[in-house]
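Below is one structure; the comments refer to it alone.
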Amino acid sequence: MIKVKPNISDMLQYSPPWAHIDRTKYLRLDLNENTLNPPKHVLDSLKNYIDENKIQMYPEYSSFLLKLSKYVGVGTDHLILTNGSDQGIEIILRAFLGYNDKMVIAQPCFPIFEQVARVINANICGIPYNSNLIFPYNEFVNAIDKDTKLIVIINPDNPTGASVSLSQIKKILDDNPDKPVLVDEAYFEYTGVTALDYLKSNENLIITRTFSKAFAMAGLRLGYAICKPDVMKEFYKIRGPFDVNSCAIVAAEAQLDNDKAWKEYIREIMTVSKPYLERFFDENKVKYYMGSAHFMIVKPKNRDKAVSFLKDNGILVRPMVAKLIKDTFRMNVGTFEQTKKFTEVYKKYLEGGYEN
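Residue numbers for the sequence shown follow our numbering, so the first one is -11 and each next one is one higher.
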């Protein structure tokens, strides 16, 4: 039998939740996706693209990069398109980390960071979140030393939802001018918070974002990274020339051309559904940790029973496995109608004595 490298064979495979069920039959609050279908104009754009017999051609990115640069507010030479932000993260880690190189990151965190670091055989310096799920700033900065090759800040963090203040990010950037600082902003459209303004003064800043969350494009796999051109040209050496598929570009262009639907979706979630859900949990004395984006950590008295009851009633949430939050589930907030459905089902769970 052929053998892979020991650091690979020692890893555990990432297994998506509910991998063996048809998720389309459920209210999906488990993966932080947009809970609605893409708007009609996006689907029409995809259909037209296929009907125009262009799908057999390799993708071309220059025109979309111009549109994206206007949306982001930087030049096209500051941007790289990636196959989901996962690939952007992988490119950045591969660019800066080698065997036993130190990466500082708060934990628990989005699993792709640790997965790629282990493939590279880098040294993961994980700083645990506090029990109240507040970013451990002092412990984090104290872990940064001369051996640190990459600093990672996930803002807001997934799965905890915890935020890092912009002033804290700025201090980390200023204090470590010779170290790359990756700030993942996957939920930027929900929070409106970005470190982008610091790019002018801090050449060590790199930002990753995605079209998977707010834009209802998780299945098309499109992300992007932002940084100074001198660094960006190095990233292009790692990414393949055609790694982002043309259908993702068509859909993203349609979303940027007509932003009414996704902006209204975000407005409803953040100003209507989210406060409604917070009130529901408060009134029913359910412990939860609400982050700055559109998802939260919920801690029932009996997590497994709660997750099972919700699934049996057509709702998927994500049970957490990290030690700090092992008795919780994560859920994203849907539309107001979807949120009312969740609260109705969860009320039945609470009143049915299933917690005992």
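We put the beta carbon where it would ideally sit given N, CA and C, even for glycine.
Note that the structure is predicted; figures quoted are calculated from it, not measured.
{"query": "Cβ shell of Ser119 (< 8 Å), same chain only, five flanking positions each side left out", "result": "Leu312"}
{"query": "Per-residue DSSP class, three states only, for Thr12", "result": "helix"}
{"query": "Secondary structure of Tyr49, DSSP reduced to three states", "result": "coil"}
{"query": "Nearest-angstrom Cβ-Cβ length linking Pro47 and Phe230, presumed shorter than 8 Å", "result": "6 Å"}
{"query": "Expected contact under 8 Å - CB spacing of Val333 and Asn301 to nearest Å", "result": "5 Å"}
{"query": "Nearest to Thr64 (by Cα), restricted to the options Lys221, Ala105, Pro168 and Asp166", "result": "Lys221"}
{"query": "Check whether Met258 and Glu266 have beta carbons under 9 Å apart", "result": "no"}
{"query": "Cβ pair count under 8 Å reaching 3, the region 242 to 250 against the region 91 to 109", "result": "no"}
{"query": "Contact under 9 Å by Cβ, Asp133 with Ile100", "result": "no"}
{"query": "Assumed close pair Val305, Leu34 - CB separation to whole angstroms, cut-off 8 Å", "result": "Not really, about 30 Å apart at Cβ, beyond 8 Å."}
{"query": "Thr390 classed as buried or exposed, judged by whether at least 16 other C-beta atoms fall within 10 angstroms", "result": "Residue 390 falls outside the range modelled here, since the chain spans only -11 to 344, and no answer is possible."}
{"query": "For Ala213, three-class secondary structure by DSSP", "result": "strand"}
{"query": "Assigned secondary structure, Cys235 (DSSP; H/G/I helix, E/B strand, else coil)", "result": "helix"}
{"query": "Buried or exposed (CB count within 10 angstroms, at least 16 for buried), Ile(-4)", "result": "exposed"}
{"query": "For Lys287, the residue or residues it bridges with in DSSP", "result": "Lys275"}
{"query": "Integer-rounded CB distance, given that Val140 should sit under 8 Å from Met91", "result": "6 Å"}
{"query": "Residue closest to Ala249, alpha-carbon to alpha-carbon, out of Val169, Gly228 and His29", "result": "His29"}
{"query": "Three-way DSSP call (helix, strand, coil) for Leu69 in this model", "result": "strand"}
{"query": "Other residues of its chain near Asn71: CB distance less than 7 Å, five sequence neighbours each side excluded", "result": "Arg209, Asp231 and Val232"}
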